[in-house]
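Trainee:
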Amino acid sequence: MEKRITKISVLLLIVSAIVWLGAVNVRAIIGYELLQPRALEFLPNLDKEFEREIFHLLSYSSLLIIGAYVVTFFSAVVFLSTTSLKLKMNGWLLMSAILFFMFSPVEFYTLYLDGRMAFLELLTTPDMMELRRLFLHRVAALAGVPLIALLSYYTIVALAVWKPLTKVDPLQ
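Counting from 2, one number per residue, gives the positions in the sequence shown under this note's numbering.
#1: When the Cα atoms are used, what is the spatial distance from E131 to E108?
#2: Please state whether DSSP places T7 in a helix, a strand or coil.
#3: Within 8 Å of any Cβ in chain D, is that where the Cβ of L124 sits?
#4: So is Y154 buried or exposed if we call it buried at 16+ other beta carbons inside 10 Å?
#5: By alpha-carbon positions, which one of L123, T125, D115, P165 ends up nearest to A24?
#6: What three-state label does DSSP hand L151 in the structure shown?
#7: Thinking just about the alpha-carbon of each residue, which of M90, A69, P147 is nearest to the one in Y106?
#8: What's the gap between the Cα of F104 and the Cα of A150?
#9: Pull up the distance between the alpha-carbon of I9 and that of L36, whole angstroms please.
#10: Distance check for L13 and V72, CA to CA, integer angstroms please.
#11: Kindly identify the DSSP beta-bridge partner or partners of L36.
#12: So if DSSP puts N91 in a beta bridge, which residue, or which two residues, is it bridged to?
#13: Could you tell me the distance, in whole angstroms, from the CA atom of A29 to the CA atom of D170?
#14: Taking I15 as the reference, which of K168, V162, I55 has the closest Cα?
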């Protein structure tokens, strides 16, 4: 039974991580349509309908990101607690777990900001200035740490593919 739980959790982990990382990139591409290049300022003379549609798309992508990250987080916890792989013998897995869980507080904070923006956009009639303020706060959140976290997540993908620091158990 333990093996089945491990296999299901790793499958959920892989699928949800793909969805989550893909949606993060899509949201970034959509969101930066509102901003001036290399600045945290909105484009001048933005059409209100265009801006409203961008915020609508950002809200839906945020909902996808929130769901996918929560599934990724819990499936990673289940996988690490049920796998027969020893972290001492699989340095790549240890490094991946450290990188992932080290940035989980950052992710939960940004998910909170995403959830607030999605709530305002989809369930209320928000003031555009409030959405703009929340969007800029989300983009500038934690002084670039979310970008460092994203680079760490792509490092995890490379670690899982190449599996460096794998030792052979001398007792086997």
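Glycine residues also receive a C-beta, built at the ideal position from the N, C-alpha and C atoms.
Mentor: For this structure:
#1: In this structure, the CA atom of E131 is about 22 Å from the CA atom of E108.
#2: DSSP places T7 in helix when its eight states are reduced to three.
#3: Protein chain content of the structure displayed is limited to a single chain, and chain D is not contained in it.
#4: Around the beta carbon of Y154, 16 or more other beta carbons lie within 10 angstroms, which makes this residue buried.
#5: The residue with the shortest Cα to Cα distance from A24 is D115.
#6: Here L151 sits in helix by DSSP.
#7: Before going on, a small fix: residue 106 reads as Pro here, not Tyr. Restricting attention to M90, A69, P147, the CA atom closest to the CA of P106 is found in P147.
#8: Spanning the two alpha carbons is a distance of roughly 6 Å.
#9: Using only the alpha carbons, I get a separation of about 41 Å.
#10: Rounded to whole angstroms, the separation of the alpha carbons of L13 and V72 is 7 Å.
#11: DSSP lists F43 as partners of L36.
#12: When DSSP reads this structure, N91 sits in a beta bridge with T167.
#13: Whole-angstrom Cα-Cα distance: 43 Å.
#14: For I15, the closest alpha carbon among the candidates K168, V162, I55 is that of V162.
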